[in-house]
Amino acid sequence: MLPEPYEWQLEVLESDKYLRVVVGGRRVGLTTLCALATIKYANARILWLTPNYRMTLVLREMLAPPELPPPIFSILDRNLLEGIKGWEFDLVIVDELLPRTLEENLQYLKVLYELRRRHTGARWLVVGTPSFGRWQLPFPALWQLPDPLELFYDRALSSPDDGAAWRIPADENAEWARMLSEEQRQTEVLAEFISSA
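For the sequence shown, the numbering used here gives the first residue as 31, with consecutive numbering after it.
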């Protein structure tokens, strides 16, 4: 059973923009927003992408009958693009756009580029928390690849006619938030991007 939506979730759900991007702190309700979107657009052909298979199981449980989930796939599934070839989607939901390695970043960019190319008429709902850890990895030159979440966020901001972007900070007083470093607080609580420079 899903909770009643927060005010900001209602604002996102009621937006008629082609590209909606929500950058949020941890535990603000990003995945719940995605679940609410599947109910609001129950008659649409929806593709829901998650970072891993375990999360797909959690989501299926969250949307137990009578809210039957749409097709939910891990974005890191190497056979994803082949598996959905020929399918048509009205709404693509990308939940937790957070690659953690160079290989994952490449896979995210490949899948998202191909889906944008194939499904030009689909609406998009993209949510995620900015990543802090990726800029601490060795060989920073390899990380000049764009951050997919930041790309979507910038695209939505730069195209107000068909895009909308929201930044939803987390509760700074939550117990988990008080244990974070300053950089982690910037990304996981304030939902701000950290430059690789």
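Beta carbons: idealized from backbone N, C-alpha and C, even for Gly.
For residue i, does the three-state DSSP call read helix, strand or coil?
i: Leu32; result: coil
i: Ala195; result: strand
i: Gly55; result: coil
i: Arg153; result: strand
i: Ser189; result: coil
i: Arg147; result: helix
i: Arg75; result: coil
i: Arg50; result: strand
Among residues of its own chain, excluding the 5 on either side of residue i, which ones have a beta-carbon nearer than 8 Å to its beta-carbon?
i: Trp206; result: Arg56, Arg57
i: Phe103; result: Leu77, Trp78, Leu79, Thr80, Thr86, Leu110, Gly113, Ile114
i: Gln39; result: Gly59, Thr62, Leu63, Leu66
How far does the alpha helix (DSSP H) with residue i in it reach, from first residue to last?
i: Val42; result: 37 to 44
i: Ser211; result: Element bounds for Ser211: n/a, residue is neither H nor E.
i: Gly113; result: 110 to 113
Since residue i is in the beta strand (DSSP E), which residue starts that stretch and which ends it?
i: Leu121; result: 121 to 124
i: Leu63; result: Counting along the chain, Leu63 falls outside any beta strand (DSSP E), though it belongs to the alpha helix (DSSP H) covering 60 to 70.
i: Leu220; result: Unbroken run through Leu220: none, as it is neither H nor E.
i: Ser161; result: No beta strand (DSSP E) contains Ser161, which DSSP labels as neither H nor E.
i: Thr131; result: Unbroken run through Thr131: none, as it is neither H nor E.
i: Ile102; result: 102 to 104
I'd like the list of long-range same chain contacts for residue i, defined as Cβ closer than 6 Å, with 5 residues on each side in sequence excluded.
i: Val124; result: Leu79, Val156
i: Leu179; result: Leu127, Gly158
i: Ser45; result: Ala194
i: Val51; result: Val156, Phe182, Tyr183, Ala186, Ala195
i: Pro35; result: Leu66
Assuming residue i contacts residue j (C-beta within less than 8 Å), just tell me the rounded distance between them.
i: Ile69; j: Pro100; result: Incorrect: roughly 10 Å between the Cβ atoms, too far for contact.
i: Tyr183; j: Ala195; result: 5 Å
i: Phe119; j: Ala152; result: 5 Å
i: Leu43; j: Leu60; result: That pair is no contact at about 13 Å.
i: Glu213; j: Ile224; result: 6 Å
i: Pro81; j: Leu111; result: Their Cβ separation, rounded to whole angstroms, is 16 Å, which puts Pro81 and Leu111 out of contact at 8 Å.
i: Val53; j: Ala204; result: Actually they are not in contact, since the Cβ atoms of Val53 and Ala204 sit about 18 Å apart, beyond 8 Å.
i: Trp154; j: Leu32; result: With a Cβ gap of about 21 Å, Trp154 and Leu32 do not count as contacting.
i: Asp192; j: Lys47; result: 6 Å
i: Ala74; j: Leu121; result: 5 Å
Take residue i and list the residues in its own chain whose beta-carbon comes closer than 7 Å to its own, dropping the five residues that flank it on each side.
i: Glu144; result: Leu111
i: Arg197; result: Val53, Ala221
i: Tyr83; result: Ser104
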